[in-house]
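Colleague: The listed protein sequences derive, respectively, from chains W and B.
Every position in the first sequence, counted from 1, becomes a number in the numbering used here once 69 is added.
Every position in the second sequence, counted from 1, becomes a number in the numbering used here once 51 is added.
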Amino acid sequence: MRKKIALTVNGKAESFEVDVRESLLEVLRNTLGYTGVKKGCGVGECGACSVLIDGVPIDSCIYLAVWADGKTILTIEGVAQDGELSPVQQAFVDEGAVQCGFCTPGLVLTTTALAESGREYTKDELKRELSGHFCRCTGYQNIVKAAEKAIETCRHDGSCGNHHPADHYHDPEKQEGST
Amino acid sequence: MAYTIVGKSVPRIDAVAKVTGKAKYTDDFFERDMLVGKVLRSPYAHALVKHIDTTKAKELPGVKAVLTYQDVPQIKFATAGHPFNLDPSHQDKADRLILTGKARFVGDAVAAVVATDELIAEEALRLIEVEYEQLEALLTSEAAMKEGAPLIHEDCPHNILSDRGFRMGNLEEAFLAADTVVEGEYETSMVQHCHLENHISYAYVDTHDRIVIVTSTQIPHIIRRIVGQALGIPWGRIRVIKPYVGGGFGAKQDACLEPLTAAMTLAVGGQPVKLNYSREECMIDTRRRHDFKFKIKSGVTRDGKILGMHIEAVSNTGAYASHGHSIAGAGGSKFRYLYAIPAIKYEPKTVYTNLPVAGAMRGYGSPQMVYALECHIEDIAKKLNLDPIEIRRKNLIEIGHVDPLSQNKIMSSGIRECIDKGKALIRWEAKKEAYQQQAGDKRRGLGMAAFSYASGTHPIGLEIAGARIVLNQDGSVQVQIGATEIGQGSDTVFAQMVAEVLGLPIDRVHVVSEQDTDISPFDTGAYASRQTYISGMAVKKAAEEIKAKILDFAWGLTDIPAHALDLKEQNVVYKHSGESVLPLAEVALSTYYDTVFAQPITSDVSNNARVNAVPYGVTFAEVEVDLKTGKIEILEIYNVHDSGTIVNPRLAEGQVHGGVSMGIGYALSEQLLFDPKTGKPLNNNLLDYKLPTIMDTPDIGVAFVETHEPTGSFGVKSLGEPPALSPAPAIRNAVLDATGVAFNQLPMNPQRVFEKLKQAGLI
Chain W
70 MRKKIALTVN GKAESFEVDV RESLLEVLRN TLGYTGVKKG CGVGECGACS VLIDGVPIDS
130 CIYLAVWADG KTILTIEGVA QDGELSPVQQ AFVDEGAVQC GFCTPGLVLT TTALAESGRE
190 YTKDELKREL SGHFCRCTGY QNIVKAAEKA IETCRHDGSC GNHHPADHYH DPEKQEGST
Chain B
52 MAYTIVGKSV PRIDAVAKVT GKAKYTDDFF ERDMLVGKVL RSPYAHALVK HIDTTKAKEL
112 PGVKAVLTYQ DVPQIKFATA GHPFNLDPSH QDKADRLILT GKARFVGDAV AAVVATDELI
172 AEEALRLIEV EYEQLEALLT SEAAMKEGAP LIHEDCPHNI LSDRGFRMGN LEEAFLAADT
232 VVEGEYETSM VQHCHLENHI SYAYVDTHDR IVIVTSTQIP HIIRRIVGQA LGIPWGRIRV
292 IKPYVGGGFG AKQDACLEPL TAAMTLAVGG QPVKLNYSRE ECMIDTRRRH DFKFKIKSGV
352 TRDGKILGMH IEAVSNTGAY ASHGHSIAGA GGSKFRYLYA IPAIKYEPKT VYTNLPVAGA
412 MRGYGSPQMV YALECHIEDI AKKLNLDPIE IRRKNLIEIG HVDPLSQNKI MSSGIRECID
472 KGKALIRWEA KKEAYQQQAG DKRRGLGMAA FSYASGTHPI GLEIAGARIV LNQDGSVQVQ
532 IGATEIGQGS DTVFAQMVAE VLGLPIDRVH VVSEQDTDIS PFDTGAYASR QTYISGMAVK
592 KAAEEIKAKI LDFAWGLTDI PAHALDLKEQ NVVYKHSGES VLPLAEVALS TYYDTVFAQP
652 ITSDVSNNAR VNAVPYGVTF AEVEVDLKTG KIEILEIYNV HDSGTIVNPR LAEGQVHGGV
712 SMGIGYALSE QLLFDPKTGK PLNNNLLDYK LPTIMDTPDI GVAFVETHEP TGSFGVKSLG
772 EPPALSPAPA IRNAVLDATG VAFNQLPMNP QRVFEKLKQA GLI
């Protein structure tokens with residue numbers, strides 16, 4: 070069965086038909102060509118496919134495309150603005166948080182949500198927030214450093230472009246409602 | 052030695068591509084009318100296919116081909132990603148067919164379908180009717196070797212793939228001269244690479260009837276040869292392309308799915324077919340680490356000098372050989388560079404079982420061997436009541452040592468300084484003092500372990516590397532290498548080497564990251580921690596050739612002899628003073644367009660490295676053991692490495708972080724589990740297989756002791772695999788220090804620790 074959905078991806082309004090069995094991951098990659106969305110497990114274990122849905126990091130592999138109807142999606146392709154890396158991306162580059170790069174898009178997006186929340190995080194809180202992402206290359210050391218640096222930068226100069234209202238995040242009820 | 056850009060933490064040259072999602076991996080390429088391949092896997096660990104009926108599957112609309120073992124070439128081939136050996140007696144074990152009529156593990160590929168989409172392919176698999184005759188499943192090495200056990204491969208008696216060991220010195224005399232004999236048994240577990248990008252490839256036949264395979268591999272040139280062998284077609288008819296790779300760690304140093312992908316496209320008239328393993332498939336039908344069982348017996352003097360060591364090892368290689376025969380050998384050779392033990396007898400047995408196939412994984416036999424050895428050294432120290440660090444120091448090998456078997460000579464070693472540094476970083480003395488009298492439910496302890504390794508495979512394997520450089524019109528260069536970037540940072544390191552030789556900033560060095568066997572120079576690929584050392588030699592050689600040609604050309608332009616010239620900051624300069632003579636860009640432009648002398652400058656070199664350099668290092672760990680729960684917490688952990696010159700400190704630290712994290716998983720949580728009766732996998736997914744998360748990973752301290760290795764370009768030695776070697780035994784030794792209980796089996800997960808502490812009367 071097919072169903073028409075309308076959504077905004079990286080600031081662009083899209084409207085098309087999807088197979089109701091398709092995941093958001095499949096639609097983003099195969100229909101729209103956003104191949105920065107990575108598939109590492111397909112069942113919500115690894116976090117590589119994370120995208121922001123209305124500002125909230127979600128594993129797009131276990132999120133049906135039809136649920137995305139009316140939603141605003143940010144993929145890794147939409148993070149840099151006018152060819153300028155975001156503070157989060159820049160921190161990942163500068164701190165050596167990137168190796169094979171396969172987990173990177175998901176981690177950049179979750180960190181973006183944290184940075185845009187305007188909140189402060191202890192190191193333990195930060196690690197908990199990022200714990201939905203597996204990385205086999207880095208031992209997570211430089212990922213933590215990059216995330217700390219990016220969040221700090223954004224808090225100081227408010228330089229994180231507010232892609233989406235981030236107030237859904239850390240509101241358990243709304244977060245639940247969004248899935 | 053002072054360098055301009057070697058030794059600097061320049062950002063990875065592919066970092067921007069990766070943080071913006073622009074880096075393309077195998078699954079990110081689309082071909083029109085790409086079909087989907089799927090594999091039918093045996094539900095039994097050991098079974099003959101008696102009958103297979105594909106009629107219904109073939110009738111399903113959307114199914115383009117169904118293949119069984121009867122439809123693929125009946126040519127046995129070897130999958131191990133080694134350079135080919137012209138000597139048949141040294142060739143890898145050819146024991147595999149693309150699809151099999153005899154299943155040798157749960158998950159073995161007996162048939163495959165090609166369909167228009169994934170759902171149809173899945174449906175078609177369900178329509179294939181297979182009648183199996185079950186055979187006795189041999190799920191342990193002991194069961195496989197017992198008298199009368201069925202043979203997993205008919206040509207391997209007792210299911211022993213290989214038992215080639217070595218002896219050096221006189222072991223009998225060593226034991227007679229010893230004051231005491233210490234014995235121990237140590238056991239490691241089956242773990243999996245868990246690279247984030249699963250194995251994937253796609254293939255099609257191009258307009259010249261050549262098979263093009265795009266694949267996530269560490270070894271494109273080797274894959275070309277293996278696919279040619281498996282299909283029985285000329286190797287030149289195959290073209291392998293390697294885009295960005297999402298991690299490998301050895302699992303992609305093997306032809307896991309490329310021969311089948313090629314067979315699939317041939318079955319559908321050359322139409323593109325993608326074979327994309329799920330995580331669950333990847334964890335059982337690619338490769339895993341060999342689990343080893345060791346028995347070690349050492350003859351030691353009362354002051355701790357080791358006179359002789361007898362090591363028996365049993366390595367479980369699973370259903371097919373892959374790298375099995377050489378991994379037990381490698382494990383037995385690389386530790387010999389650490390301690391000067393005059394007599395060693397090494398007796399390994401590599402055994403086939405009906406379990407998933409073990410192959411290359413970061414460390415290649417050494418994580419197992421270093422674990423056993425460094426537990427054993429600790430046990431010797433404990434028995435003799437000697438300081439564990441002092442007993443190691445007493446036995447260390449010195450610079451100038453020549454290994455009697457490999458003839459590799461130690462030309463640089465910072466092992467003593469590594470030990471000193473690690474000891475200082477963890478504040479060994481003060482903490483040892485503080486932890487002397489402990490009571491209560493939480494006990495703290497300190498442990499350390501050391502290792503030696505190698506840089507590449509000489510003299511066992513061929514070490515060919517190729518590099519090609521082109522000087523552009525604007526004075527920038529393109530660098531092509533056959534060596535592969537799989538996340539470790541080799542492209543960046545090569546760019547730094549070229550920039551150093553040619554006096555260029557890093558952004559004037561354009562590395563072609565993709566390998567294409569039609570275009571890229573020949574290099575065997577990413578394994579054995581070889582690329583910075585081995586491929587680095589080719590890269591430096593190519594850059595020096597470019598430099599010589601540039602200076603020669605400048606001689607023609609300026610009449611200043613080439614030997615008086617140098618390259619610096621994009622200028623041709625006087626060598627003695629650094630004074631600029633003319634801009635490099637001007638020379639470069641003339642090489643293309645001077646109406647008389649134009650001759651664009653290129654170099655294309657190959658280097659056969661017949662040397663090997665030994666890297667060293669240590670792990671120091673501090674743990675807290677919760678006696679009530681069996682949980683081990685790592686409070687502090689440091690890895691200190693002698694890898695010669697560090698070309699890029701930040702990337703090098705990243706390698707160490709990842710290796711230590713892998714070592715921590717090996718020590719504490721990771722283990723592939725199988726039903727002991729049926730051999731069915733129990734945790735082949737990232738939920739049940741306990742890969743360390745960010746919350747499980749402590750802060751990892753990294754330090755380097757930089758030596759200058761005379762045989763390495765810029766003094767480098769290897770670093771890729773070494774960080775994963777010593778964490779597990781260091782943690783085990785710290786737990787021993789904390790509790791007095793020796794854990795001789797990995798992983799030390801809470802269940803096992805709890806049971807053993809209970810046994811020891813601590814709970």
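Note that the Cβ used here is the ideal one computed from N, Cα and C, for glycine as well.
If the criterion is Cβ atoms closer than 9 Å, does the pair Leu326/B and Ile149/B meet it?
Modeller: Within the second sequence, the letter at position 275 stands for residue 326/B. Within the second sequence, the letter at position 98 stands for residue 149/B. No; because the gap between Cβ atoms is not below 9 Å, this pair is not in contact.
Colleague: Quick test of your reading: Tyr584/B and Gly507/B, contact by CB under 8 Å. State the CB separation rounded to the nearest angstrom.
Modeller: The residue labelled residue 584/B in the question sits at position 533 within the second sequence. The residue labelled residue 507/B in the question sits at position 456 within the second sequence. Sure, about 6 Å apart at Cβ, within 8 Å.
Colleague: What are the boundary residues of the beta strand (DSSP E) that includes Asp88/W?
Modeller: Here the question's residue 88/W lines up with position 19 in the first sequence. Residues 81-88.
Colleague: Less than 9 Å separating the beta-carbons of Met575/B and Ile273/B?
Modeller: Position 524 of the second sequence, counted from the start, is the residue given in the question as residue 575/B. Position 222 of the second sequence, counted from the start, is the residue given in the question as residue 273/B. Inspection of the sequence shows that residue 575/B is occupied by Thr rather than by Met. Their beta carbons are under 9 Å apart, which means Thr575/B touches Ile273/B by this criterion.
Colleague: For the stretch 115-126 of chain W and the stretch 166-173 of chain W, state whether three or more C-beta atom pairs, one from each stretch, are separated by less than 8 Å.
Modeller: Yes, they touch.
Colleague: Comparing the C-beta of Asp163/W with each C-beta of chain B, is any distance below 9 Å?
Modeller: What you label residue 163/W is simply residue 94 of the first sequence in a count that begins at 1. Yes, its Cβ sits closer than 9 Å to a Cβ of chain B.
Colleague: Looking only at DSSP bridge pairs, what is Gln810/B linked to?
Modeller: The residue labelled residue 810/B in the question sits at position 759 within the second sequence. Gln810/B is not bridged to any residue.
Colleague: By the 9 Å beta-carbon criterion, what residues does the stretch 77-92 of chain B contribute toward chain W?
Modeller: Listed by position, the residues of the stretch 77-92 of chain B near chain W (Cβ gap below 9 Å) are Asp78, Asp79, Phe80, Phe81.
Colleague: Can you check whether the CB of Asn405/B is closer than 9 Å to the CB of Ala195/B?
Modeller: Taking the first residue of the second sequence as 1, we reach residue 195/B at position 144. Taking the first residue of the second sequence as 1, we reach residue 405/B at position 354. Taking 9 Å as the Cβ cut-off, Ala195/B and Asn405/B qualify as a contacting pair.
Colleague: Is DSSP giving Pro732/B helix, strand or coil here?
Modeller: As a working mapping, residue 732/B is identified with position 681 in the second sequence. Strand.
Colleague: Quick one: which residues of the stretch 199-218 of chain W get their C-beta closer than 8 Å to a C-beta of chain C? List them in chain order.
Modeller: Of the protein chains in this structure, namely W and B, none is chain C.
Colleague: In whole angstroms, give me the CA-to-CA distance for Gly710/B and Thr207/W.
Modeller: As a working note, residue 710/B is residue 659 in the second sequence. As a working note, residue 207/W is residue 138 in the first sequence. Computed Cα separation, rounded: 8 Å.
Colleague: Among the candidates Cys207/B, Glu332/B, Ala577/B, Ile601/B, whose CA atom is the shortest distance from the CA of Gly158/B?
Modeller: In the second sequence, the residue the question calls residue 158/B occupies position 107. Checked all of Cys207/B, Glu332/B, Ala577/B, Ile601/B; the closest Cα to Gly158/B is Glu332/B.
Colleague: Helix, strand or coil for Arg71/W per DSSP?
Modeller: Translated into the one-based positions of the first sequence, residue 71/W becomes position 2. Of the three classes helix, strand and coil, the one that applies to Arg71/W here is strand, per DSSP.
Colleague: Does the pairing of the stretch 317-326 of chain B with the stretch 214-232 of chain B give three or more beta-carbon distances under 8 Å?
Modeller: In short, these stretches do not touch, since the Cβ pair count stays below three.
Colleague: Select from Ile685/B, Tyr253/B, Ala781/B the residue whose C-alpha is nearest the C-alpha of Lys493/B.
Modeller: Here residue 493/B refers to the residue found at position 442 when the second sequence is read from its first residue. Checking every option, the nearest Cα to that of Lys493/B belongs to Ile685/B.
Colleague: Which whole-angstrom value is the C-beta distance of Asn800/B and Leu719/B, which I expect to be below 8 Å?
Modeller: In the second sequence, residue 800/B corresponds to position 749, counting from 1. In the second sequence, residue 719/B corresponds to position 668, counting from 1. Indeed they touch by this definition, with Cβ atoms about 6 Å apart.
Colleague: For His97/B, which of helix, strand or coil comes out of DSSP?
Modeller: On the second sequence, position 46 is the one that residue 97/B refers to. In the structure shown, His97/B sits in coil (DSSP, three-state: anything other than H, G, I, E or B).
Colleague: Can you give me the C-alpha to C-alpha distance between Ser654/B and Gly714/B, rounded to a whole angstrom?
Modeller: Here residue 654/B corresponds to residue number 603 of the second sequence, with the count starting at 1. Here residue 714/B corresponds to residue number 663 of the second sequence, with the count starting at 1. Roughly 41 Å between the two C-alpha positions.
Colleague: If you reduce the DSSP assignment to three classes, tell me which class Ser247/W lands in.
Modeller: As a working note, residue 247/W is residue 178 in the first sequence. Since pLDDT at Ser247/W reaches only 39, below the 50 mark, its modelled position is unreliable, and no value is offered.
Colleague: Starting from the Cα of Asp138/W, find the closest Cα among Thr222/W, Ile220/W, Glu194/W, Val89/W and give me that residue.
Modeller: Counting from 1 along the first sequence, the entry for residue 138/W is found at position 69. Per the Cα distances, Val89/W.
Colleague: Over the uninterrupted alpha helix (DSSP H) stretch that includes Arg353/B, give me the two end residues.
Modeller: Taking the second sequence and counting its residues from 1, one reaches residue 353/B at position 302. That residue, Arg353/B, is in no alpha helix (DSSP H); it is neither H nor E in DSSP.
Colleague: Going straight from the alpha carbon of Arg413/B to that of Val662/B, what length do you get?
Modeller: Position 362 of the second sequence, counting from 1, holds the residue named residue 413/B. Position 611 of the second sequence, counting from 1, holds the residue named residue 662/B. If you take the alpha carbons of Arg413/B and Val662/B, they lie about 21 Å apart.
Colleague: Sorted by chain position, which residues of the same chain lie with C-beta nearer than 7 Å to Ala163/B's C-beta, five sequence neighbours on each side aside?
Modeller: Taking the second sequence and counting its residues from 1, the one referred to as residue 163/B is at position 112. Result list for Ala163/B: Gly88, Lys89, Val90, Leu91, Leu118, Leu150, Leu311, Met315, in chain order.
Colleague: The alpha helix (DSSP H) with Asp788/B in it runs from where to where?
Modeller: Mapped onto the second sequence, residue 788/B falls at position 737. Looking at the DSSP string, the run of the alpha helix (DSSP H) that includes Asp788/B is 778-790.
Colleague: Excluding five sequence neighbours on each side, which residues of the same chain lie with their C-beta closer than 8 Å to the C-beta of Pro651/B?
Modeller: One-based indexing of the second sequence puts residue 651/B at position 600. Answer for Pro651/B: Val521, Leu522, Thr642, Tyr643, listed in chain order.
Colleague: Give me the Cα-Cα distance between Val563/B and Val530/B, rounded to the nearest whole angstrom.
Modeller: Locating residue 563/B in the second sequence gives position 512, where the first residue counts as 1. Locating residue 530/B in the second sequence gives position 479, where the first residue counts as 1. Distance between the alpha carbons of Val563/B and Val530/B: 6 Å.
Colleague: Residues of chain B with CB under 9 Å from Thr144/W, in chain order?
Modeller: Along the first sequence, one-based indexing puts residue 144/W at 75. Residues of chain B passing the Cβ test: Gly72.
Colleague: Is the beta carbon of Ala379/B closer than 9 Å to that of Asp146/B?
Modeller: Within the second sequence, numbered from 1, the residue matching residue 146/B stands at position 95. Within the second sequence, numbered from 1, the residue matching residue 379/B stands at position 328. Not in contact: Asp146/B and Ala379/B (Cβ atoms no closer than 9 Å).
Colleague: Just to confirm, are Gly517/B and Phe573/B a CB contact at a threshold of 9 Å?
Modeller: Taking the second sequence and counting its residues from 1, one reaches residue 517/B at position 466. Taking the second sequence and counting its residues from 1, one reaches residue 573/B at position 522. In contact: Gly517/B and Phe573/B (Cβ atoms closer than 9 Å).
Colleague: Quick check on this structure: which residue in Phe794/B, Pro774/B, Ala589/B, Thr729/B has the alpha carbon closest to the alpha carbon of Ser764/B?
Modeller: As a first step, residue 764/B is located in the second sequence; it is residue number 713 there, counting from the start. The candidate whose alpha carbon is nearest that of Ser764/B is Ala589/B.
Colleague: Would you say Gln547/B reaches chain W, if we count a Cβ-Cβ gap shorter than 9 Å as a contact?
Modeller: Sequence index remark: in the second sequence, residue 547/B carries index 496 (1-based). Taking Cβ atoms only, chain W never reaches closer than 9 Å to Gln547/B, which makes this a no.
Colleague: Please state if the CB of Ile171/B and the CB of Ile103/B are separated by a distance shorter than 9 Å.
Modeller: In the second sequence, the residue the question calls residue 103/B occupies position 52. In the second sequence, the residue the question calls residue 171/B occupies position 120. Cβ distance not < 9 Å, so Ile103/B and Ile171/B don't count as in contact.
Colleague: Spatial neighbours of Thr55/B within its chain, please: CB distance less than 7 Å, with the 5 preceding and 5 following residues excluded, ordered by chain position.
Modeller: Within the second sequence, the letter at position 4 stands for residue 55/B. Within the same chain, Thr55/B has close Cβ partners Glu551.
Colleague: Taking a cut of 8 Å between CB atoms, which residues from the stretch 398-426 of chain B lie near chain W?
Modeller: Listed by position, the residues of the stretch 398-426 of chain B near chain W (Cβ gap below 8 Å) amount to none.
Colleague: Check whether the Cβ of Gly102/W lies closer than 9 Å to any Cβ atom in chain B.
Modeller: In the first sequence, the residue the question calls residue 102/W occupies position 33. It does; some Cβ of chain B falls within 9 Å.
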